[in-house]
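Chains as they are written, first to last, in my numbering: chain F, 26 to 263; chain R, 26 to 263. What follows is a single structure, written as C-alpha cells, with notes after it.
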DNA sequence: CTAGCTCAGTTGGTTAGAGCAGCTGACTCT
DNA sequence: AGAGTCAGCTGCTCTAACCAACTGAGCTAG
C-alpha cells in the first residue's frame with residue numbers, strides 16, 4: 026500500500042497556485058512587493074528550493090518579477106512571456122521546416138484586418154495627428170537610410186489604442202514583437218523603407234476617411250507585401 | 026573594481042537560452058527526449074538546482090514537459106501557459122476592480138468578427154456538416170439541461186479550422202479557454218442554453234450562405250449577449 | 001557641515017550533497 | 001509461462017552553506 030503521503034507530495038505543483046492565491050487574496054497590484062524567500066518558506070511550509078522553483082515558473086509567466094538583491098514583486102502582467110514562447114515556437118518550427126513564420130504573419134494580418142475596419146472613421150483627431158507625426162518621422166528615417174522598426178511598432182500601437190482596450194493593444198504588440206524578433210533572427214530581408222512608409226500613409230488616410238473597406242484593403246496590401254518577401258525565403262537554411 | 030566575474034554570474038539567465046538553443050540546434054521535435062538532469066548539469070556546467078530552475082521556467086512557457094520518474098521532453102508548443110497567464114491576469118484584474126473579463130471578451134469578439142467574415146462561403150462542405158452535427162448535439166444537450174461548454178468550444182474550434190492556420194486556431198482556443206476558466210471561477214451566470222444554440226445556428230447558416238456581413242452580425246450578436254450578461258456582474262465581489 | 005566611502009545587513013543567486021518518489025525492465029520464484 | 005520483486009533509471013524535495021547585488025547607516029576626508 027502506497028496510498029498515504031499525498032498531502033506531503035505534490036508540493037511544487039500547487040506552490041505556484043498558492044502564491045497566485047496569495048496575490049489575489051491580498052489584492053496586490055502590479056509592482057507590489059511579495060514576501061521574501063524566507064518568509065514564503067515559512068508561509069508555505071516549503072524549502073527555499075521549492076519556493077524558488079515556483080517563483081521562477083511564475084516569473085516565466087510574467088506573474089512575478091524578481092530583482093536580485095532587492096526583492097520579489099508582482100509582475101507587470103505584460104505579455105513578455107507570451108512573446109518569448111511564441112517566438113521560440115516559431116523559430117523551432119522554422120528550423121524544422123514548417124512555415125511557422127508565415128503563420129505568425131497571417132495571424133497578425135487576420136487580426137489587424139478585422140480591427141482596422143471597425144476603427145475607420147472612429148479615431149479622434151488627436152490620435153490621427155499623432156499617427157501623422159509618426160509617418161512623418163518614418164519618412165525622415167527612411168530618407169536617412171536608418172531602420173524604422175521602432176517607429177513602425179509605434180504606429181501600429183497608436184493605431185489600435187483607439188479601440189480603448191488595453192488587453193487588445195498588448196496582444197497585438199506581443200504579436201508584433203514576436204514576429205519581428207523571429208524575422209530579425211532568421212530572415213534578414215529588410216523591406217524597402219519607402220514602400221513601408223507609403224503603405225502606412227495609405228492605411229492612415231483610409232482610416233481617416235472612414236472608408237472601412239479601403240482601410241482593410243490597405244492593411245491587406247501592407248501584409249501582402251511582407252508575405253511575398255517571406256515566401257521567397259526557403260523554410261530552413263543553415 | 027567589480028568588473029570581473031561576469032561570465033560566471035548570470036548563469037541561470039542564459040541557462041534557459043542555452044537549453045532552448047540546444048533544442049533548436051538539435052532540431053528536436055515536440056515530444057523528443059531532452060538530456061537528463063545530470064547530463065544537463067555536465068553539458069551546461071551548472072548545478073542541479075540551476076538546471077532545474079531553468080527547466081521549471083521553460084516548462085511554464087510550454088517549451089519543455091517534465092514527467093516525474095520518466096524524463097524531460099520537448100513540449101507540445103501549446104498555448105497552455107498563455108492561457109494560464111491570461112487567466113490569472115484577468116482574475117487578478119477583476120479582483121482589483123478592473124473590467125478585465127470584459128476586455129477579454131472584447132478581444133475574442135474583435136478577433137472572431139474579423140475572421141468569420143473572411144470565412145463566409147469558403148468553408149468546405151465537410152466542415153459545414155461537422156458544424157451542423159455540433160449544433161445538433163448542442164441542442165440535444167440543451168434539452169437535457171446539461172452543460173454544453175465542451176460542444177461550444179468544439180464549435181468555435183471547428184469553425185476556424187477552415188482558415189488553414191494551426192497557430193490561429195490555437196490562439197483562438199487559448200482565448201476561449203482563458204475566458205471560460207475565469208468566467209467559471211468568478212461569475213457563474215450561465216446563459217440560457219437555448220439562446221446559445223440559436224445563435225450558433227445563425228452563425229453557421231450565415232457562414233454557409235456566404236454572406237459575410239450577416240456572419241459578422243451573427244457573431245457580434247452572440248458576443249453582445251455574453252457582454253450584456255457580464256456587465257450585470259459588478260466588478261469585485263469578495 | 002557636506003561629500004564620499006566603507007561596511008554591515010538585507011535580498012535574491014548558486015552550489016553541494018543527501019534522501020524521497022514515480023516509473024521501467026530484468027530477474028526470480030512459483 | 002506468469003506474477004511478484006527488486007535494482008536502476010528518472011525527476012522531486014530538503015538542508016546548509018556560500019556568492020552577489022542592492023540599501024542604508026555610520027564613518028572619514030574635505
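All C-beta atoms, glycine included, are put in the ideal place defined by N, C-alpha and C. Since the model is a prediction, treat every value here as computed from it, not as a measurement.
Sub-9 Å separation of residue i and residue j beta-carbons
i                      : j                      : result
residue 145 of chain F : residue 231 of chain F : yes
residue 143 of chain R : residue 237 of chain R : yes
residue 222 of chain F : residue 164 of chain F : yes
residue 203 of chain F : residue 66 of chain F  : no
residue 85 of chain R  : residue 40 of chain R  : no
residue 87 of chain R  : residue 110 of chain F : yes
residue 160 of chain F : residue 251 of chain F : no
residue 59 of chain F  : residue 47 of chain F  : yes
residue 167 of chain R : residue 219 of chain R : yes
residue 83 of chain R  : residue 255 of chain R : no
CB contact below 9 Å: residue i versus chain R
i                      : result
residue 228 of chain F : no
residue 78 of chain F  : yes
residue 82 of chain F  : yes
residue 145 of chain F : no
residue 262 of chain F : Residue placement at residue 262 of chain F cannot be trusted, given a pLDDT of 45 that sits under 50; what the coordinates show is reported in the next sentence. Chain R, which has no Cβ nearer than 9 Å to the Cβ of residue 262 of chain F, makes this no.
residue 31 of chain F  : With a pLDDT of only 42 at residue 31 of chain F, under the threshold of 50, the placement of this residue in the model should not be trusted; the figure read from the coordinates follows. Output row for residue 31 of chain F: interface = no.
Below-9 Å beta-carbon distance, residue i vs any chain F residue
i                      : result
residue 109 of chain R : yes
residue 243 of chain R : no
residue 131 of chain R : yes
residue 125 of chain R : yes
residue 121 of chain R : yes
residue 37 of chain R  : yes
residue 28 of chain R  : Reliability fails at residue 28 of chain R, whose pLDDT of 33 lies under 50, so the model's placement of it is uncertain and the value that follows must be treated cautiously. Taking Cβ atoms only, chain F never reaches closer than 9 Å to residue 28 of chain R, which makes this a no.
Chain F residues whose Cβ lies nearer than 7 Å to that of residue i
i                      : result
residue 97 of chain R  : Simply none; closest approach about 14 Å.
residue 140 of chain R : 135 and 139
Residues that residue i contacts on chain R, provided the C-beta gap is smaller than 8 Å
i                      : result
residue 86 of chain F  : 85, 86, 106, 109, 110 and 113
residue 250 of chain F : Neighbours of residue 250 of chain F on chain R: none; closest Cβ ~19 Å, over 8 Å.
residue 128 of chain F : 190, 191, 192 and 193
Whole-angstrom distance between residue j and residue i, CA atom to CA atom
i                      : j                      : result
residue 174 of chain R : residue 94 of chain F  : 46 Å
residue 148 of chain R : residue 74 of chain F  : 52 Å
residue 155 of chain R : residue 183 of chain R : 8 Å
residue 137 of chain R : residue 249 of chain R : 13 Å
residue 216 of chain R : residue 44 of chain F  : 32 Å
residue 140 of chain F : residue 226 of chain F : 17 Å
residue 105 of chain R : residue 239 of chain F : 37 Å
residue 198 of chain R : residue 76 of chain F  : 31 Å
residue 127 of chain F : residue 64 of chain F  : 47 Å
residue 119 of chain F : residue 50 of chain R  : 12 Å
residue 117 of chain R : residue 54 of chain F  : 8 Å
residue 151 of chain F : residue 181 of chain F : 15 Å
residue 153 of chain F : residue 205 of chain R : 36 Å
residue 112 of chain F : residue 61 of chain F  : 32 Å
residue 80 of chain F  : residue 200 of chain F : 26 Å
residue 97 of chain F  : residue 244 of chain F : 42 Å
residue 194 of chain F : residue 186 of chain F : 6 Å
residue 89 of chain R  : residue 103 of chain R : 10 Å
residue 121 of chain F : residue 211 of chain F : 13 Å
Amino acids of chain R, ordered along the chain, whose beta-carbon sits closer than 9 Å to that of residue i
i                      : result
residue 117 of chain F : 45, 48, 49, 52, 53, 54, 55, 88, 99 and 102
Contacts that residue i makes with chain F (C-beta to C-beta distance below 9 Å)
i                      : result
residue 224 of chain R : By Cβ distance, chain F contributes nothing, its closest Cβ being about 19 Å from residue 224 of chain R, past 9 Å.
*asked:* What are the residues in the stretch 188-204 of chain R lying within 8 Å of chain F by C-beta distance?
replied: The residues in question are 188, 190, 191, 192, 193 and 196.
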